[in-house]
Amino acid sequence: MRVLIAEDQPLLRDGLTRMLTAYGFEVVVALDDGSQLTEALVEHRPDVSVIDVRLPPSFTDEGLRSVIAARTEVPGLPVLILSQYVEQLYARELLSDRAGGVGYLLKDRIGDVQQFIDALRQVAAGATVMDPEVVSQLLQQRSSLAVLTPRERDVLRLMAEGRSNAAIAADLTITEKSVSNHINALFAKLGLPPSADGHRRVLAVLAYLNQ
Amino acid sequence: MGWRFARGARESGQLLVGAVIGLPAPFLLAMILLSVPASLVAGLGIVVFGVAGTLLRRLANVQRDRAAALLGRPIERPYADHPEGLLPRARAVVSDTATWRDLAWLVSQFGLGIAGLAAGLGLWLAAVECLTAPLLRALLPARTGFDPAVLEFTGRSTLLGWLLVPVGAGLALLAYRLPRHLLSGQARLAAALLRPTSAAQLSARVDRLTATRAAAVDASAAELRRIERDLHDGAQMRLVAVRMNIGMAQDVLDADPATARALMAEASASAGSALTELRDLVRGIHPPMLADRGLAGAAQALALSSSIPVELDLRLDRRLTAPVESAAYFVLAESMVNAIRHSGATLIQVAVADHGHFLSLAVHDNGRGGAHAGRGTGLRGIQRRLSAFDGSLRISSPTGGPTTLEMELPCAS
Chain A
1 MRVLIAEDQP LLRDGLTRML TAYGFEVVVA LDDGSQLTEA LVEHRPDVSV
51 IDVRLPPSFT DEGLRSVIAA RTEVPGLPVL ILSQYVEQLY ARELLSDRAG
101 GVGYLLKDRI GDVQQFIDAL RQVAAGATVM DPEVVSQLLQ QRSSLAVLTP
151 RERDVLRLMA EGRSNAAIAA DLTITEKSVS NHINALFAKL GLPPSADGHR
201 RVLAVLAYLN Q
Chain B
212 MGWRFARGAR ESGQLLVGAV IGLPAPFLLA MILLSVPASL VAGLGIVVFG
262 VAGTLLRRLA NVQRDRAAAL LGRPIERPYA DHPEGLLPRA RAVVSDTATW
312 RDLAWLVSQF GLGIAGLAAG LGLWLAAVEC LTAPLLRALL PARTGFDPAV
362 LEFTGRSTLL GWLLVPVGAG LALLAYRLPR HLLSGQARLA AALLRPTSAA
412 QLSARVDRLT ATRAAAVDAS AAELRRIERD LHDGAQMRLV AVRMNIGMAQ
462 DVLDADPATA RALMAEASAS AGSALTELRD LVRGIHPPML ADRGLAGAAQ
512 ALALSSSIPV ELDLRLDRRL TAPVESAAYF VLAESMVNAI RHSGATLIQV
562 AVADHGHFLS LAVHDNGRGG AHAGRGTGLR GIQRRLSAFD GSLRISSPTG
612 GPTTLEMELP CAS
């Protein structure tokens with residue numbers, strides 16, 4: 001799987017390169033700067049990218065802006081954004097094109113290597129992976145999610161974190177069949193009708209990001 | 212009609228008060244002028260000067276309040292805080308320009324007060340005499356030894372007596388109208404002489420700025436101490452624990468892989484907590500969102516993460532200087548936290564508007580009100596942050612609500 005890395009701190013960039021190579025990814029470019037990022041994303045069209053929000057030259061949200069620009073040219077280009085902190089505003093901007101294939105994780109999560117690699121693969125496959133911190137913030141404050149049962153909320157949380165049905169079933173120690181029952185129930189409650197585009201998991205996350 | 216009489220009487224009364232206030236002038240002038248050279252020779256002069264100075268200030272303050280009420284704008288007191296002790300205090304009062312301006316005012320008030328009162332009363336007297344001239348002529352049949360001035364003037368002619376009645380009416384009108392002009396003249400003079408000179412205003416401003424600068428420096432020093440303590444007791448300690456666990460794991464790796472795995476897991480957990488603490492610390496020093504997107508973005512982020520719905524009205528489309536941006540952000544954040552924690556509100560409205568040379572911030576909630584700066588550290592913290600920039604805070608929070616905080620923060624455009 002071809003991957004692009006944009007990270008200005010050499011230690012983390014080299015670490016990521018080594019780790020991803022060890023897990024069978026092919027690192028096509030590793031940038032230390034955001035000025036060419038949009039062009040690089042559009043030109044190489046990697047299977048997935050790992051991008052720091054804050055990059056030179058502006059050291060603000062260069063990474064995020066470049067990704068959003070690249071995704072308007074290549075819709076659904078899979079990208080995982082890394083940040084030292086999570087902001088709902090950024091999560092919302094990332095998801096606003098509703099195309100899926102995005103992830104937004106705290107840099108800390110790289111420490112949990114297996115889960116990080118899983119998240120990266122999920123994003124490459126077109127899923128949406130939100131950091132548990134974003135998800136828990138949303139679950140705490142959005143009262144409109146009161147229509148969901150506690151179990152459905154658990155399922156939604158894990159779904160937003162990018163887990164597959166099997167992983168959710170293992171996590172909650174229930175059967176995969178009841179996971180899919182819960183998912184269907186909450187799709188209905190959130191007003192997401194069955195459709196062909198297959199992005200309902202993304203839309204479920206968006207449903208409360210946009211509330 | 213009644214109120215007109217009441218008003219006329221009140222104004223005449225005020226003229227009387229004005230005259231009375233001016234009356235001690237010669238006495239105080241003499242005391243002060245004599246006491247200054249006298250104090251060079253003997254100590255008694257200082258006491259006399261002190262008493263005279265105090266009386267002078269009392270009188271000046273009374274007049275400041277009267278003039279302020281009449282002119283509808285406050286007249287600030289120009290007196291600086293004087294040092295303790297009789298001698299230093301006396302010296303400070305002598306060298307204070309305000310003392311001499313007060314004295315100049317009092318002397319002029321002496322003349323103006325008496326003249327005003329005389330004019331006010333004299334006009335009424337003359338008006339009454341003119342109006343009653345025909346009656347007087349009839350009632351005083353024979354030439355008496357003491358005739359009213361009018362009759363002296365007109366002789367005892369009946370015709371002239373009747374002609375005086377309209378003159379009397381005119382005088383009465385004048386007597387009714389004139390006092391308010393006299394009073395406002397006195398008030399204007401007082402305002403001109405008794406308000407702080409621009410030099411005094413400037414020096415008061417320097418004093419205030421010195422005080423707020425000291426507060427700002429103190430606050431930032433306290434902040435640095437807090438950061439140092441948090442790093443030292445928090446993240447640093449956790450990283451030491453991480454190294455220790457890894458070191459131990461290295462030692463037992465071959466002999467006891469299970470223990471090594473447990474130690475590594477512990478190390479990983481400690482490193483995770485250290486990261487969380489560092490992240491919170493960074494957010495407390497300077498929120499990353501503020502650095503990325505400026506005040507507008509940071510306010511949006513605040514609104515998004517609030518547990519109560521927030522309506523935002525942002526009229527700001529430029530980046531402010533970093534210190535102003537940061538102060539504005541923390542002031543907004545603190546106001547919103549107050550509203551969320553204490554007000555029981557269901558809606559918060561936040562308005563930020565850029566007026567070029569200042570930024571106005573308003574945070575309104577529909578909660579139970581009753582907030583005031585004396586209680587809790589939140590509002591005082593807001594005040595301190597604003598005062599470091601010469602900004603202002605106005606709190607409106609009647610019991611029962613709603614609460615509105617209006618803040619202004621100067622910022623160069």
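Taken in sequence, the protein lines are chains A and B. Going by our numbering, the first residue of the first sequence is number 1, and it counts up by one from there. Going by our numbering, the first residue of the second sequence is number 212, and it counts up by one from there. Ideal Cβ positions, reconstructed from N, Cα and C, are used throughout, including at glycine.
Check: Chain A contact residues for A482 (chain B), given Cβ-Cβ distances below 7 Å; Outcome: G111
Check: Closer than 7 Å to chain A by CB, P520 (chain B); Outcome: no
Check: Within chain A, partners of Q511 (chain B) - CB distance below 7 Å; Outcome: L89
Check: Residue span of the beta strand (DSSP E) that contains I559 (chain B), given as start and end; Outcome: 559-565
Check: Beta carbon proximity, M475 (chain B) to chain A, threshold 7 Å; Outcome: no
Check: Residue-chain proximity (P499 (chain B), chain A), Cβ-Cβ < 7 Å; Outcome: yes
Check: DSSP three-state assignment for I519 (chain B), whether helix, strand or coil; Outcome: coil
Check: A466 (chain B) and L513 (chain B) closer than 7 Å at C-beta; Outcome: no
Check: Residue-level contact to chain B via CB, Y23 (chain A), 7 Å cutoff; Outcome: no
Check: Cα-Cα separation between T186 (chain A) and E152 (chain A), rounded to whole angstroms; Outcome: A small fix is needed here, since residue 186 (chain A) is Leu in this sequence, not Thr. So the two alpha carbons sit approximately 6 Å from each other.
Check: Alpha-carbon to alpha-carbon, A386 (chain B) and E222 (chain B); Outcome: 10 Å
Check: Among B:S409, B:G333, B:L404, B:D491, nearest to A271 (chain B) - alpha-carbon criterion; Outcome: B:L404
Check: Segments assigned alpha helix (DSSP H), at least 4 residues, entirely inside the stretch 96-182 of chain A; Outcome: 113-124, 132-141, 150-160, 165-172
Check: Cβ of Y61 (chain A) within 7 Å of any chain B Cβ; Outcome: Per the sequence shown, residue 61 (chain A) should be read as Asp rather than Tyr. With 7 Å as the cut-off, D61 (chain A) counts as an interface residue toward chain B.
Check: Segment limits, beta strand (DSSP E) that includes S49 (chain A); Outcome: 48-52
Check: Test: Y85 (chain A) CB closer than 7 Å to a CB of chain B; Outcome: yes
Check: Rounded C-alpha distance that separates A623 (chain B) from P56 (chain A); Outcome: 28 Å
Check: CB-CB length for V318 (chain B) against A236 (chain B), believed under 8 Å; Outcome: 5 Å
Check: Three CB pairs or more closer than 8 Å across the stretch 412-427 of chain B and the stretch 301-308 of chain B; Outcome: no
Check: Partners in chain B for Q115 (chain A), counting only beta-carbon separations shorter than 9 Å; Outcome: Under the 9 Å cutoff, chain B gives no residues; its nearest Cβ is about 12 Å from Q115 (chain A).
Check: CB contact check: R490 (chain B) to chain A, cutoff 7 Å; Outcome: yes
Check: At least 3 beta-carbon pairs within less than 8 Å: the stretch 513-523 of chain B vs the stretch 540-558 of chain B; Outcome: yes
Check: L281 (chain B) to G379 (chain B) span [Cα, whole Å]; Outcome: 29 Å
Check: Touch test, the stretch 71-90 of chain A against the stretch 102-118 of chain A, Cβ-Cβ under 8 Å, three pairs minimum; Outcome: yes
Check: Rounded Cβ spacing between N631 (chain B) and A485 (chain B) (contact assumed at less than 8 Å); Outcome: The structure shown does not extend to residue 631 (chain B), since chain B is modelled only from 212 through 624, so no value can be given for it.
Check: C-beta neighbour in chain B for D108 (chain A), strict 7 Å; Outcome: yes
Check: Straight-line gap, L616 (chain B) to V134 (chain A) (C-alpha atoms, nearest Å); Outcome: 30 Å
Check: Contact under 7 Å by Cβ, V42 (chain A) with V79 (chain A); Outcome: no
Check: Collapsed DSSP secondary structure at T487 (chain B) in the structure displayed; Outcome: helix
Check: Assigned exposure category for W311 (chain B) - 16 Cβ within 10 Å defines buried; Outcome: exposed
Check: L192 (chain B): contacting residues in chain A (beta-carbon distance under 9 Å); Outcome: Since the first and last residues shown for chain B are 212 and 624, residue 192 (chain B) lies out of range.
Check: Closest Cα partner of L384 (chain B) within the set B:R406, B:C341, B:F238; Outcome: B:C341
Check: Contact set between Q137 (chain A) and chain B, taken where Cβ atoms lie within less than 8 Å; Outcome: S516
Check: Closest by C-alpha distance to S246 (chain B), when choosing among B:G256, B:F541, B:L240, B:W373; Outcome: B:G256
Check: Segment limits, alpha helix (DSSP H) that includes P10 (chain A); Outcome: 10-22
Check: Span of the alpha helix (DSSP H) around V86 (chain A); Outcome: Where V86 (chain A) is concerned, there is no enclosing alpha helix (DSSP H), given that its DSSP letter is neither H nor E.
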